[in-house]
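Undergrad:
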Amino acid sequence: MDATIWLFRCMACGHEYENEVRKDEDKERSCPDCRSNSIRQLKRKPAAKGESDARTEA
Ligand SMILES: [Zn+2]
Numbered sequence: 002m003d004a005t006i007w008l009f010r011c012m013a014c015g016h017e018y019e020n021e022v023r024k025d026e027d028k029e030r031s032c033p034d035c036r037s038n039s040i041r042q043l044k045r046k047p048a049a050k051g052e053s054d055a056r057t058e059a
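Numbering-wise, the sequence shown is residues 2 to 59 according to my numbering.
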């Protein structure tokens with residue numbers, strides 16, 4: 002229930018997409034376009050507070 006929309010970018014093909022991420026989600030992401038898993042998490046979608054920035058951990 003506690004999912005947030007995040008923006009992701011594929012580093013392989015440059016495709017950007019939004020995806021729901023749950024707090025405890027732990028699955029590997031892959032580009033819906035080219036299936037690469039070089040995905041970078043960009044930012045949260047809802048205009049919340051700009052605090053607690055995205056820390057991309059591989
Ligand atoms: Zn891609």
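Virtual Cβ for every residue (Gly too), placed ideally from N, Cα, C. Since we're looking at a predicted model, the values are computed, not measured.
Where residue 41 and residue 11 are concerned, what is the direct C-alpha to C-alpha distance, given to the nearest angstrom?
TA: Locating residue 41 in the sequence shown gives position 40, counting from the first residue. Locating residue 11 in the sequence shown gives position 10, counting from the first residue. In this structure, the straight-line span from the alpha carbon of residue 41 to that of residue 11 is close to 6 Å.
Undergrad: Go through its chain and collect everything with a Cβ distance to residue 1's Cβ below 6 Å, but skip five positions before and after it.
TA: The shown model of the chain, from 2 to 59, leaves out residue 1, and the question about it has no answer.
Undergrad: Roughly how many angstroms separate the alpha carbons of residue 38 and residue 22, rounded to a whole number?
TA: Against the sequence shown, residue 38 aligns to sequence position 37. Against the sequence shown, residue 22 aligns to sequence position 21. Taking the straight line joining both Cα atoms gives about 16 Å.
Undergrad: Near residue 29, what residues of its chain come up, given a Cβ to Cβ distance below 7 Å and the 5 sequence neighbours on each side ignored?
TA: For the purposes of this step, residue 29 is taken as the residue at position 28 of the sequence shown. Excluding residues within five positions, the ones whose Cβ falls inside 7 Å are 38.
Undergrad: Tell me residue 102's beta-bridge partners as DSSP assigns them.
TA: Residue 102 is absent from the model: the chain starts at 2 and stops at 59.
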